[in-house]
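Presented below is the structure to which this report refers.
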Amino acid sequence: MGTLTLLGPVRWMSTLARAYGWEQHTEDIIVRILILLFIIFSYLIALYLSRYARVSGSKPLYIGVPIILTIPAIICLFFWFDPTRMISHMGDESVGFQFTFGAYPNEDKLRSLKEDGYTAVISLLHPAVVPFEPKLLATEKKAAQSIGLTVISLPMLPWISENTESLDKIKEIIQKGTGRYYVHCYLGLDRTNIVKKLIESSGSDADTSQEIPYDPSRDIRNKSSFERGDIFTLTDDVYITPYPSDAEFIRYILPNVRLVISLMDPQISRNLKWIDKEEKISNHYQLPFELLPVTKSPYNPYKVLEYAQRVWRAPKPVVVHSFNTNSTAIDAFSLAFRTNLASIPQRIFSRELTNGKIEMIAPHIAIGPEPTESEFKGKLYRKGIRKFLYIGTPNTKQAQRNSLVIASLRLDWEVISPSDKSLIPLISKGGPWYLYGPGLNQVKEIIKTTYGPAFPKTITFDPSIFTDAH
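Okay, structure coming up:
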């Protein structure tokens, strides 16, 4: 019953108190009332059961009732001895440069904290919360010692104690501490929230807003991957990364980067929480953040080119990311950044046309079979094609049929002979182009050689076009 009360009414009331910004004193009074009601209710149930067992005179009942009720108590203790089993009730980890707040750290978490540059763990576990918190604290100290982390034990009891001594020591750390601290209680909810409020109300620069000293281990140039994917560089100061975790944001992005750009599409509902979270954390650390969404359908190659040119002009270093680096958005941005062309990544065309597949032979040039009437606009224009080039003669039935279709769709369509010397210069820029027709095979290789490959390894874009006048 104690477990159900804590994870039920007490948890709901605490969440409500924080949502409405109630004072800690008010929250304490309400929770104490709930605890008192729990004690009274427990006493009444115990009194009733014991009297019932005595009055009945049944020995099996007299012995069986306490045995049956002890079983769920043991199960609850089993869970409380390992906080990871209570993970569904844990609070979200709140990451900062100097103070991070979370739940009880197991040995793997302690190792991760050490790798991320934390110098000490502030444990708010209290020896009076028997039998599990004294044991958990002893286990934590032993593991931390073997890893090389300091555990600062500042025991606190939520709601029923003022915790004056421990809070005074935390104030001293806020004022004089120079390390990085992981603050935790059991579930990372109530006691850590008290400490967090204390830091926020202290008026000091001890929280995450302070300037971060240079540390080579935090240099993003020395990092090859994040949790959600690989990192690669377009230039020495433009980094392509996946969506960073809170710890990666603090450890690698905040000390190194002057601008963060997200390519995630807010029209995809699952992206909204990630975009919102990153906007909030960027605002908190006063790090410029821009959302430049790349949509796959319809795909706008000229919009992506604007994004690339924006990054070329932006103050560096810059991090550009989607949710992971193996994505259409990253391919599209990288192509535009490298070439200064309105280009299309091959993965945009995940489906074939009715008459065959589409192949990108240059960043801005696709080739393939004759499209059907619906495919001109539905599968090609919608995926970024802006100019259609029929390679052949205009008097063929195919060319005449396509001419009528294109006119009705109001698309940009031209006819050119494969032997026409103006063909290669014509497709040097603009587009993106879709080439098809009976003469395509005659010019395919020379186009590939001249303007390929579809995804160049080197950067051909000349940033010197951006002068002060621009």
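Start counting at 1 in the sequence shown, then tack on 583, and there's your number in the numbering used here. Using N, Cα and C, we set each Cβ at its ideal position, and we do this for glycine too. All values derive from a computational prediction rather than experimental measurement.
Could you work out which residue in Ile950, Arg984, His904 and Leu972 is closest to Leu817 when comparing CA atoms only?
That would be His904, whose Cα lies nearest to the Cα of Leu817.
Please name the residue in Tyr769, Pro688 and Tyr701 whose C-alpha comes closest to that of Gly760.
Closest option to Gly760, Cα to Cα, is Tyr701.
In the structure shown, what three-state DSSP assignment does Ile950 receive?
Reduced to three states, the DSSP call for Ile950 is strand.
How many angstroms separate the CA atom of Leu587 from the CA atom of Glu831?
Taking the straight line from one Cα to the other gives about 36 Å.
Is the CB-CB distance between Leu732 and Arg774 below 9 Å?
Not a contact, by the Cβ cut-off of 9 Å.
Should His608 be labelled buried (16 or more other beta-carbon atoms within 10 Å of its own) or exposed?
Exposed, since its Cβ has fewer than 16 Cβ neighbours within 10 Å.
Which partner residues of Asp1045 appear in the DSSP bridge assignment?
Beta-bridge pairing links Asp1045 to no other residue.
Straight-line CA distance for Gly640 to Val648?
Going from the Cα of Gly640 to the Cα of Val648 covers about 13 Å.
Just mark Gln869 as buried or exposed, buried being the case when its beta carbon has 16 or more other beta carbons within 10 Å.
It is exposed - the Cβ of Gln869 has fewer than 16 other Cβ atoms within 10 Å.
Given a threshold of 16 other Cβ atoms within 10 Å of its Cβ, counted over all protein chains shown, does Lys692 qualify as buried or as exposed?
So Lys692 ends up on the buried side.
Could you tell me which residues DSSP puts in a beta bridge with Val766?
In the DSSP output, where bridge partners are listed per residue, Val766 has Phe684 and Ile705.
Counting Cβ pairs closer than 8 Å, one from the stretch 962-973 and one from the stretch 865-883, do we hit at least three?
Verdict: yes, contact present.
From this set, Ser917, Ile782 and Lys940, which residue's C-alpha is nearest Gln681's C-alpha?
Looking at the Cα atoms, Ile782 is the closest of the given residues.
What does DSSP give as the partner residues of Glu873 in its beta bridges?
Per DSSP, Ile844.
Between the C-alpha atoms of Val713 and Leu630, what's the straight-line distance to the nearest angstrom?
Roughly 24 Å separates the two Cα atoms.
Would you kindly report the start and end of the unbroken alpha helix (DSSP H) that includes Val887?
Taken as a continuous stretch (DSSP letters only), the alpha helix (DSSP H) holding Val887 covers Pro884 to Arg896.
Would you call the CB atoms of Leu842 and Leu888 closer than 9 Å?
Their beta carbons are not under 9 Å apart, which means Leu842 does not touch Leu888 by this criterion.
Per DSSP, what kind of secondary structure is Lys899 in: helix, strand or coil?
In the structure shown, Lys899 sits in coil (DSSP, three-state: anything other than H, G, I, E or B).
My understanding is that Arg834 touches Arg801, with C-beta atoms under 8 Å, so please give their C-beta distance in whole angstroms.
Contact flag correct, Cβ pair sits at about 5 Å.
Specify the secondary structure class of Ser641 as computed by DSSP and reduced to three states.
Ser641: coil per DSSP, three-state reduction.
Tell me whether the beta-carbon of Val778 lies closer than 9 Å to the beta-carbon of Val734.
Cβ atoms of Val778 and Val734: not closer than 9 Å.
Only counting the same chain, and skipping five residues up and downstream in sequence, which positions put a Cβ closer than 7 Å to that of Ser625?
Met584, listed in sequence order.
Please return the same chain residues whose Cβ sits closer than 7 Å to the Cβ of Ser926, not counting the five positions on each side in sequence.
Pro884, Leu918, Ala919, Pro946, His947 and Pro1015, listed in sequence order.
Taking 9 Å as the threshold (C-beta atoms), are Tyr826 and Glu862 in contact?
In this structure, Tyr826 does not lie closer than 9 Å to Glu862 by Cβ.
Can you name the residues that DSSP bridges to Glu755?
For Glu755, which the question treats as bridged, DSSP gives no partner whatsoever.
Determine the extent of the alpha helix (DSSP H) in which Tyr1034 is found, giving its start and end residues.
Unbroken alpha helix (DSSP H) run through Tyr1034: Leu1023 to Tyr1034.
Can you grab the Cα-Cα spacing for the pair Gly771 / Ile944, in whole Å?
C-alpha separation (whole angstroms): 54 Å.
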